[in-house]
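Take a look at the structure set out below.
Spelled out as structure tokens, the structure:
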């Protein structure tokens, strides 16, 4: 499974490597003000950024089968990170996707393309049944991602994840393998996403 990777146009995702730690840490430090409002935090106190240790943990989770850590690239440059985490096998057969992207790569379609590629890998290669994404109501760019890709809105989760120093509300979105028989990327690029899919009900 070490060849777990996929690409479309200038966007690609691949399994994270130990040597990615340096460039990822540089991007995180350079993008502090950009990422802080959406970054998971520890309710027990601040934790310093140590990407070498983080990459080691992510690769251990990959070896354990509980997660798949990807690097997102645009034109061959590292643009951010996408993690498939909380993988559950058996009767649930599901996972959650989370991601961050550097500000300088925003607006190039990197995130929706990477999410589509990763979701398709989850269904086709990992043989999962359901993929979920949870997004803060204030995170308009990420809400546009699930709207573009047609992730189904599944409900409101109050104080769900500790983000930027406090417990934050989230909207939950998901797709199952049956929703996208030809894949998420194909449905998006061919303009086949159902109208209204991925939108949060006004109520």
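Residue numbers (the UniProt record's numbering): 1 to 203.
Ideal Cβ placement from N, Cα and C applies to all residues, glycine included.
Given the structure is predicted, the values throughout are model-derived calculations rather than measurements.
Secondary structure of residue 142, DSSP reduced to three states = helix
task = Output yes or no for whether 8 Å exceeds the beta carbon distance between residue 115 and residue 145.
result = yes
Unbroken stretches of the alpha helix (DSSP H), 4 residues or longer, contained in the stretch 101-148 = 110-124
message = Extract the residue ranges of the beta strand (DSSP E) inside the stretch 65-107, only unbroken runs of 3 or more that lie entirely within it.
response = 67-74, 77-88, 94-101
inquiry  = Just list the residues that DSSP pairs residue 191 with in beta bridges.
reply    = Answer by DSSP bridge pairing: none, since residue 191 is not bridged.
ask   = Alpha carbon to alpha carbon, how far is residue 5 from residue 73?
value = 11 Å
ask   = Do you know how far the Cα of residue 148 is from the Cα of residue 195?
value = 10 Å
For residue 6, three-class secondary structure by DSSP = strand
message = To the nearest angstrom, how far is the alpha carbon of residue 132 from that of residue 96?
response = 5 Å
key: Straight-line gap, residue 184 to residue 87 (C-alpha atoms, nearest Å)   = 19 Å
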